[in-house]
Amino acid sequence: MTLSLGIFYAFAALIVGGALVVVLARDVFRSAIALAGVLVLVAGLFGLLNADFLAAAQLLVYVGGVLVLMLFVIMLLLSPQNQLRHQTNKQAISAALMSGVTATFLIVQFYAFLRSDAPAMEGQPSTAALGRLLMGEFLVPFEVVSLVLLAALVGAVYLSREERP
Amino acid sequence: MFELAIPLRAFFDSLRTQLVGLGFTPLEAWASSKLIQTSVTVACVLSVPLILVYGERKISAFMQARIGPMETGPWGILQTLADGLKLFFKEDVIPNGADRLMHTLSVIIAVAPVFVCFAPIPFGKDLAVVPLDTGILFVFAASGLSTIGIVCAGWASANKFSILGGIRAAAQMVSYEIPRVLSVVPVIMLASTLNLSTIADAQAGGILHWFIAVPIIGQLAFIIFLISSVAETNRLPFDLPEAESELVSGFHTEFSGMKFALFFLAEYAYVFLSAALATTLFLGGGHGWSAGGWIPSWFWFLFKSCGIVLLFFWFRWTYPRLRVDRLMSFCWEFLLPLSLINIVLTAVWIVFKGMP
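If you're matching them up, the sequences are chains A and B in order.
Residue numbering for the first sequence follows my numbering, beginning at 1 and increasing consecutively.
Residue numbering for the second sequence follows my numbering, beginning at 166 and increasing consecutively.
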């Protein structure tokens, strides 16, 4: 138990450090790479919690898919010569307001979570159980979510289509 | 007979009991035995590219009458060594205006994931380092990380050809990842597991039980997997990220010496990984073409993997390069619908056969 606790704290420290790099780096590309590192480490946390399917899906979808597309967009839109453009602006008040609200919400939720009993840690792999839940009990919500994604895709195609004269 | 799993298991069992006898806890003993297994795997992954590079140079020499690999030492066997020495003594050049940190980091990001990918591969009967329950998904997830390294290399070079190579790599590798994963879904449905060791064992009992022998579905899935694997490893006819005639050499134009060598190490390790996956998923893993027999399973596995690697080399030295738009439309308009149809066919087949 102490070993996994040590790994957890190491991962948590690295995630916080990586997230700071994402926000504070002056080069967008470096931010994106740091985000990749953070997402990989979050997948590591999932693995530590025995959510092996979730860990692999996190890597496959977020790092292998979404993040590569983000890098693709950065490479298409920016050139390495203007790396030093500012990523920050001077709207300190609204930023403080937003992050303050989010932080309060997170802290309240965290204390509510601390008061509840932690679910028992199971050693079993979760893939088969997850599949049964998604295709059985939660079939309708699952399909509704895929419908929402489909609508988003159709919307994206509509917005980016070429105007025909 | 000659199975490696039995003596290895005996060795690690005795090692663990001895370590516990010396005063270590069982967890520490287990961790140290895993550490040894991991180190052996990493050493093997490091040595595979050496052999594959020699094989590739030799095969290209036979196919295209190239002279070097025939003359350097007996049977040209010193060619890889000569290449390695040359690359080792080259200066590490980082161009002016390049992002120095990213230039170095990109190589690490591109190479590091490949070692992790070999962890759940069963190199024979009971010969997987970590028989992961999410095996196949984990391999795809980890190998997807290398894309970031290649994209990063293109960006960090501060060179328009490199950036073009990086953009092409991002587009191509994200696109071909989809049919590659979808082509494996029929196998997962037939074996009803993601665990690579279980998938390999589901094909025991001769060539007719291999998943490639399932009528239409098996062959279709295998061909889609093979094509998208070639595209995923950026090799001809899909080597657009490094197309020499258009982009100098694409994303690794500005890399020299050992950094350049490490990119090639990653490429050849991924070629072997694809071959090992194809063997495990479609060609029965370590199981021979008839039930029983005296040939050990690790030999079968290596034999079939080397056959697939030979196919990869054969493609490279015979086919011309595709055009960029053809490459993308081939993926999205041909391979993707075909793999979706294949999944539906598999569902029909499973219902028809009355499998669980």
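Cβ atoms here follow ideal geometry from the backbone N, Cα and C, with glycine treated the same way.
Quick check on residue i: does DSSP put it in helix, strand or coil?
i      : result
A/V23  : helix
B/D490 : helix
B/E256 : coil
B/I242 : coil
A/R161 : coil
A/S143 : A quick correction: the sequence has Glu, not Ser, at residue 143 of chain A. In this structure, A/E143 counts as helix in the three-state DSSP scheme.
A/S116 : coil
B/V350 : helix
B/Y484 : coil
A/L67  : helix
B/V281 : helix
B/K325 : helix
B/F420 : coil
B/D264 : coil
B/A230 : coil
A/G100 : helix
A/D52  : helix
B/E168 : coil
B/F189 : coil
B/Q202 : helix
A/R30  : helix
B/Q368 : coil
Residue i versus chain B: which residues are under 8 Å apart at the beta carbon?
i      : result
A/R132 : Neighbours of A/R132 on chain B: none; closest Cβ ~12 Å, over 8 Å.
A/F72  : V316, I332, A335, A336, V339
A/A175 : Look at the range of chain A in this structure, 1 to 165, and you will see that residue 175 of chain A is not part of it.
Determine the chain A residues that contact residue i at a beta-carbon separation under 7 Å, and present them in chain order.
i      : result
B/G331 : M75
B/E342 : G64
B/F305 : L60
B/D490 : Chain A residues near B/D490: none, gap ~15 Å exceeds 7 Å.
B/I286 : Under the 7 Å cutoff, chain A gives no residues; its nearest Cβ is about 15 Å from B/I286.
B/I328 : M75
Please compile the residues from chain A whose C-beta is within a distance smaller than 9 Å of the C-beta of residue i.
i      : result
B/M493 : Simply none; closest approach about 13 Å.
B/L310 : A36, V40, L59, V63, G64
B/D291 : Within chain A, no residue comes near B/D291; the closest Cβ sits about 18 Å away, beyond 9 Å.
Residues of chain B with CB closer than 9 Å to the CB of residue i, please, in chain order.
i     : result
A/R30 : D264, L266, M267
Which residues in chain A have a C-beta closer than 8 Å to the C-beta of residue i? List them in chain order.
i      : result
B/I313 : I33, A36, V63, L67, V68, L71
B/L467 : Ordered by position in chain A, no residue passes the 8 Å Cβ test against B/L467, which lies about 27 Å from the chain.
Can you list the residues of chain B that residue i reaches, using a CB-CB cut of under 7 Å?
i      : result
A/T127 : D298, T299, L359
A/A25  : Those do not exist, as A/A25 stays about 11 Å from chain B at its closest Cβ, beyond 7 Å.
A/A56  : T299, L302, F303, A306
I'd like to confirm something about residue i: is its beta-carbon nearer than 7 Å to some heavy atom of the ligand HEM, or not?
i      : result
A/L106 : In the structure shown, the ligand HEM is absent, as is every other ligand, since no ligand is present at all.
Query raised in the report: Which residues, in chain order, does the region 58-71 of chain A contribute to contact with chain B at a C-beta distance below 9 Å?
Result: Look at the region 58-71 of chain A: the residues with a C-beta under 9 Å from a C-beta of chain B are Q58, L59, L60, V61, V63, G64, G65, L67, V68, L69, L71.
**Report entry** Chain-ordered residues of the region 339-369 of chain B with a beta carbon less than 7 Å from chain A
**Finding:** Cβ contacts with chain A come from V339, E342, L359.
Query raised in the report: Pairing CB atoms from the region 340-349 of chain B with CB atoms from the region 412-426 of chain B, are three or more of them under 8 Å?
Result: No contact exists between the region 340-349 of chain B and the region 412-426 of chain B.
Requested in this report: Could you say if the region 175-184 of chain B and the region 473-485 of chain B meet the contact criterion of at least three C-beta pairs nearer than 8 Å?
Outcome: By the C-beta criterion, the region 175-184 of chain B is judged not to be in contact with the region 473-485 of chain B, since fewer than 3 inter-stretch pairs fall below 8 Å.
Report task. Count the CB pairs spanning the region 408-420 of chain B and the region 316-326 of chain B that are closer than 8 Å, and state whether there are at least three. Result -> Touching, yes, given that three or more Cβ pairs across the two stretches are closer than 8 Å.
Query raised in the report: Between the region 207-221 of chain B and the region 458-465 of chain B, do at least 3 Cβ pairs fall closer than 8 Å?
Result: Counting Cβ pairs under 8 Å, fewer than three are found: no touch.
Query raised in the report: Any contact of the region 426-440 of chain B with the region 449-463 of chain B, i.e. 3+ C-beta pairs under 8 Å?
Result: With the cut-off at 8 Å, the region 426-440 of chain B and the region 449-463 of chain B do not touch.
Query raised in the report: Using 8 Å as the threshold, is the region 280-295 of chain B in touch with the region 263-272 of chain B, meaning 3 or more CB pairs across them?
Result: Result no; under three Cβ-Cβ pairs closer than 8 Å.
Query raised in the report: Does the region 283-294 of chain B touch the region 40-48 of chain A, meaning 3 or more C-beta pairs lie closer than 8 Å?
Result: The answer is no - the region 283-294 of chain B does not touch the region 40-48 of chain A, with fewer than three Cβ pairs under 8 Å.
Requested in this report: State whether the region 61-75 of chain A contacts the region 346-357 of chain B, with contact taken as three or more CB pairs (one from each stretch) at a distance under 8 Å.
Outcome: Contact between the region 61-75 of chain A and the region 346-357 of chain B is absent: fewer than three C-beta pairs spanning the two stretches fall below 8 Å.
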